[in-house]
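2 protein chains.
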Amino acid sequence: MKSRQFLLAKRPIGTPTAENWDYVETELPSLAENQVKVKVLYISLDPAMRGWMNEGKSYIPPVGIGEVMRAGGVGEVLESTDPNFKPGDYVYGGFGVCDYAVLPTQGIHKVDPNLAPLERYLGVLGMPGMTAYFGILDTGQPKEGETVVVSGAAGAVGTVVGQIAKIKGCRVVGIAGGEDKCRYLVEELGFDAAIDYKNSDVKKGLKEHCPDGVDVFFDNVGGDILDDVLTRINMKARIVVCGAISQYNNTTPVKGPSNYLSLLVNRARMEGIVVFDNVANYPKAAAEMAGWIAQGKLVAKEHIVEGLETFPDTLMMLFRGENFGKLVIKVDH
Amino acid sequence: MKSRQFLLAKRPIGTPTAENWDYVETELPSLAENQVKVKVLYISLDPAMRGWMNEGKSYIPPVGIGEVMRAGGVGEVLESTDPNFKPGDYVYGGFGVCDYAVLPTQGIHKVDPNLAPLERYLGVLGMPGMTAYFGILDTGQPKEGETVVVSGAAGAVGTVVGQIAKIKGCRVVGIAGGEDKCRYLVEELGFDAAIDYKNSDVKKGLKEHCPDGVDVFFDNVGGDILDDVLTRINMKARIVVCGAISQYNNTTPVKGPSNYLSLLVNRARMEGIVVFDNVANYPKAAAEMAGWIAQGKLVAKEHIVEGLETFPDTLMMLFRGENFGKLVIKVDH
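So the protein sequences, as listed, match chains A and B.
The first sequence begins at 1 in the working numbering and counts up one residue at a time.
The second sequence begins at 1 in the working numbering and counts up one residue at a time.
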């Protein structure tokens with residue numbers, strides 16, 4: 001059986017282009033012990049993928065040249081040599097950017113299509129949801145009545161962060177690109193306000209919408225927005241460094257936060273998070289979030305693009321700020 | 001009675017020069033209730049003074065134009081209308097850059113010249129000592145066997161930070177400017193190693209002297225050194241932001257740390273401190289440090305320059321990295 005796969009052909013300098021990828025058809029191997037063959041149904045597209053394309057030490061090893069691009073996905077088991085999985089099971093795993101995969105079952109777990117649409121296991125009920133949950137609660141530590149600001153607010157992580165902060169009784173202000181996204185955050189997700197960084201002045205927006213300053217900032221974007229928020233933080237503020245999508249395609253050094261001495265003046269904290277540290281507590285978090293979804297307090301939003309071959313361009317939607325909610329590819333077969 | 005005083009004449013742009021100061025002689029007022037007249041003996045020179053010269057919100061209000069420059073000092077009470085103070089008492093207070101001062105007794109406390117030389121109450125037993133104590137212990141949280149790096153290591157705060165980290169059983173590496181300072185840190189203060197940032201490559205030095213990475217970084221300087229250390233931090237590292245003396249005289253925006261995403265990769269924390277938050281615990285800290293001094297575990301080092309009129313240039317020694325230990329002016333009378 002053949003699999004269509006996107007391989008990393010070349011490490012990008014700056015913004016990835018078509019030449020960074022090889023789109024190939026490869027004959028799949030037969031199954032060794034404790035392996036499954038999976039028909040990949042949905043592929044998760046995440047800002048972190050840009051980092052995995054770079055050489056060098058990070059929180060996980062880079063994708064090797066000539067390897068299938070790493071990606072989370074949801075699929076259906078076609079064959080199995082592991083007694084815990086049988087054909088017809090729906091599973092989450094790191095299948096990569098491809099339409100069929102053969103791989104060890106370690107790290108793969110079953111998902112239930114009756115509890116939620118399959119793509120949701122890549123969003124609220126997957127890594128982005130976990131990132132949001134542990135990042136805002138454990139590191140952000142929002143208290144009732146505090147003001148929480150989130151950047152990349154209309155993205156997979158940001159939408160969940162803001163809604164959890166609302167559940168915790170905070171004033172929530174989102175920063176997102178475009179009127180549609182901003183309207184959605186306020187009208188559909190219950191954010192108290194949203195600042196359109198593409199069409200308005202972020203500093204002015206923060207002044208207007210955070211009259212009592214900022215207690216928690218959950219940052220997905222870095223760059224100028226991080227600097228703007230640093231001018232408005234309160235004493236003992238917590239800044240959760242989840243990502244810096246504005247900087248990932250830089251060919252110059254990352255723009256460090258010029259206003260970081262605001263941390264000193266305000267006895268504030270900036271702390272980095274990586275979701276994998278919380279693996280042991282995923283089930284607890286998933287259960288709590290499922291409860292919030294059932295109660296209508298947590299709304300899921302996915303952005304589905306059809307066709308595996310769209311991958312190189314669909315990935316770029318993240319960096320152009322074009323996705324609206326969790327970005328996934330629905331694989332054609 | 002007249003007092004010689006340095007007034008802030010003009011806010012500096014970049015490096016302060018002679019024209020930022022008015023050196024005047026002023027007739028002192030007679031004492032109102034609960035005031036003292038003090039003969040100022042030693043004046044504390046601190047990097048933070050540069051910040052107080054700027055306009056705008058910070059952790060304390062700026063010095064006003066035409067006001068005596070703010071400074072801590074130690075002096076002798078000449079007259080008092082407060083029953084708690086009598087002529088001949090030695091006191092610590094915010095007397096400003098002058099040789100005599102009349103001021104309310106609020107915030108003034110007695111010091112004992114028999115326990116320690118008077119200038120020491122501006123160093124180890126004063127604000128720099130308190131800054132070091134609470135910054136390294138409460139925010140840095142060094143654990144036995146961890147590696148602690150301190151920048152501005154030969155300064156008033158850095159010398160104390162490093163010695164406390166040694167007392168706590170850490171490997172301690174100082175970053176300082178010049179061979180003399182580096183030799184002193186290792187040979188006299190017991191640092192495990194010192195990196196001479198003026199004559200050697202800091203990144204290379206960190207690699208050599210921190211073979212197990214950096215668990216705690218106590219930063220007094222910011223700029224390139226902060227970025228260099230960020231490349232070497234360990235998982236869950238703590239960066240204590242105490243100051244950024246390399247940036248205080250900038251006429252361009254502060255250089256933010258380009259490598260701040262190392263916080264994310266390493267789930268590390270960067271946190272600002274201001275010593276005044278610990279006022280209630282100063283006595284406990286002073287007692288513990290006095291004990292360490294008595295046991296020979298904590299060595300004090302002051303750099304004394306004579307003459308009030310040297311103030312404008314003596315202050316600049318801090319920014320040129322010329323002071324060796326706590327910088328004080330011994331006032332001539």
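Heads up, the beta-carbon is just placed ideally off N, CA and C, and yes, glycines get one too.
Mind checking which residues open and close the alpha helix (DSSP H) that includes S262 (chain B)? Per DSSP, S262 (chain B) belongs to the alpha helix (DSSP H) from S262 to V265.
C-alpha gap between T81 (chain A) and K2 (chain A), whole angstroms: Each residue's alpha carbon lies about 19 Å from the other.
Taking only runs that begin and end inside the stretch 181-236 of chain A, name each unbroken beta strand (DSSP E) of 3 or more residues, in chain order. With a minimum length of 3 residues, the continuous beta strand (DSSP E) runs that stay inside the stretch 181-236 of chain A are 193-196 and 214-219.
Chain C residues whose Cβ lies nearer than 8 Å to that of A101 (chain A): In summary, chain C is missing from the structure at hand, where the protein chains are A and B.
Would DSSP call I245 (chain A) helix, strand or coil? Of the three classes helix, strand and coil, the one that applies to I245 (chain A) here is helix, per DSSP.
Quick one: using the 10 Å Cβ neighbour count with 16 as the cut-off for buried, is H109 (chain B) buried or exposed? With fewer than 16 Cβ atoms within 10 Å of its Cβ, H109 (chain B) is classed as exposed.
Tell me which same chain residues have a C-beta within less than 7 Å of the C-beta of G334 (chain A), skipping the five on either side of it? Because chain A is modelled from 1 through 333, residue 334 (chain A) falls outside the range shown and cannot be assessed.
A101 (chain B) (DSSP reduced to helix, strand or coil): Here A101 (chain B) sits in strand by DSSP.
Output needed for Q163 (chain A): all residues of its chain with C-beta closer than 6 Å, excluding positions within five of it in sequence on either side, in chain order. Only L189 and L298 meet the Cβ criterion.
Segment contact, 8 Å Cβ cut-off, at least three pairs: the stretch 27-46 of chain B with the stretch 69-85 of chain B: Counting C-beta pairs with one atom in each stretch, the stretch 27-46 of chain B and the stretch 69-85 of chain B have three or more that are closer than 8 Å, which means they touch.
With burial defined as no fewer than 16 other Cβ atoms inside 10 Å of the residue's Cβ, what is the status of G56 (chain B): buried or exposed? With fewer than 16 other beta carbons inside 10 angstroms of its own, G56 (chain B) counts as exposed.
Compute the distance between the beta-carbons of G334 (chain A) and I43 (chain A), then report whether it is under 8 Å. Outside the displayed span of chain A (1 to 333) sits residue 334 (chain A), for which this structure offers no information.
Under 8 Å (Cβ pairs) to chain A, residues found in the stretch 201-235 of chain B: Listed by position, the residues of the stretch 201-235 of chain B near chain A (Cβ gap below 8 Å) are G222 and D227.
So, does the CB of V254 (chain A) fall closer than 8 Å to a CB anywhere in chain B? V254 (chain A) belongs to the set of residues whose beta carbon lies under 8 Å from a beta carbon in chain B.
When DSSP labels each residue in this structure, what does A176 (chain B) get in the three-state scheme? Reduced to three states, the DSSP call for A176 (chain B) is strand.
Anything in the stretch 170-201 of chain A with a Cβ closer than 7 Å to a Cβ of chain B? List those residues in chain order, please. Answer set for the stretch 170-201 of chain A: empty.
Could you check whether the stretch 147-159 of chain A touches the stretch 178-186 of chain A, counting it as contact only if at least three pairs of C-beta atoms, one from each stretch, sit closer than 8 Å? Counting Cβ pairs under 8 Å, three or more are found: they touch.
Assess, as a yes-or-no matter, whether the stretch 217-228 of chain B is touched by the stretch 250-267 of chain B under the definition of 3 or more beta carbon pairs within less than 8 Å. The count of Cβ pairs closer than 8 Å, one atom from the stretch 250-267 of chain B and one from the stretch 217-228 of chain B, reaches three, so the stretches are in contact.
Got a sec: is the Cβ-Cβ distance from I273 (chain B) to anything in chain A below 8 Å? Cβ-Cβ to chain A under 8 Å: yes for I273 (chain B).
Can you list, in chain order, the residues of its chain whose CB lies under 6 Å from that of G307 (chain A), leaving out five sequence neighbours each side? Only residues of its own chain outside the window of five on either side were considered, and among them D332 have a CB closer than 6 Å to the CB of G307 (chain A), listed in chain order.
Below 8 Å on the Cβ atoms is my guess for E76 (chain A) versus L41 (chain A); work out the distance and round it to an integer in Å. At roughly 6 Å, the Cβ-Cβ gap stays under 8 Å, so E76 (chain A) and L41 (chain A) are in contact.
Along chain B, which residues have their Cβ under 7 Å away from the Cβ of N266 (chain A)? Listed along the chain, the chain B residues whose CB falls inside 7 Å of the CB of N266 (chain A) are G272.
Using the three-state DSSP reduction, which class does Q163 (chain A) fall into: helix, strand or coil? Looking at Q163 (chain A) - three-state DSSP - the assignment turns out to be helix.
Does the stretch 283-290 of chain B come into contact with the stretch 99-107 of chain B, if we say contact requires no fewer than three beta-carbon pairs (one atom in each stretch) closer than 8 Å? By the Cβ rule, the stretch 283-290 of chain B does not count as touching the stretch 99-107 of chain B, because fewer than three pairs are nearer than 8 Å.
If you measure from the beta carbon of R269 (chain B) to each beta carbon in chain A, is any gap under 8 Å? Under the Cβ distance rule, R269 (chain B) counts among the residues neighbouring chain A, one pair being separated by less than 8 Å.
Y92 (chain B) bridges to which residues according to DSSP? Bridge partners of Y92 (chain B): B:V74 and B:H109.
Contact criterion: CB-CB distance below 8 Å. Does D277 (chain A) meet it with respect to chain B? Cβ-Cβ to chain B under 8 Å: yes for D277 (chain A).
Quick one: residues in its chain with C-beta nearer than 7 Å to the C-beta of K198 (chain B), no 5 flanking neighbours on either side, listed in chain order? G177 and G178.
In the DSSP assignment, what are the bridge partners of H303 (chain A)? H303 (chain A) is bridged by DSSP to A:L327.
Do N278 (chain B) and F134 (chain B) have their C-beta atoms closer together than 8 Å? The Cβ atoms of N278 (chain B) and F134 (chain B) sit closer than 8 Å to each other.
Rounded C-alpha distance that separates A294 (chain B) from V111 (chain B): Cα-Cα distance, rounded: 17 Å.
Under 8 Å Cβ to Cβ from F319 (chain A), same chain only, skipping five residues before and after it: list those, please. Around F319 (chain A), the same chain offers T15, P47, R50, I245, Y248 and N249 as residues with beta carbons nearer than 8 Å, after the five sequence neighbours per side are excluded.
For the stretch 125-159 of chain A, which residues have a CB atom closer than 8 Å to at least one CB atom of chain B, in sequence order? For the stretch 125-159 of chain A, the set of positions with a beta-carbon nearer than 8 Å to some beta-carbon of chain B is empty.
Closer than 8 Å to chain A by CB, Y282 (chain B): By this cut-off, Y282 (chain B) is not an interface position.
Closest Cβ-Cβ distance between P61 (chain A) and chain B: below 8 Å? With respect to chain B, the C-beta atom of P61 (chain A) has no partner C-beta closer than 8 Å.
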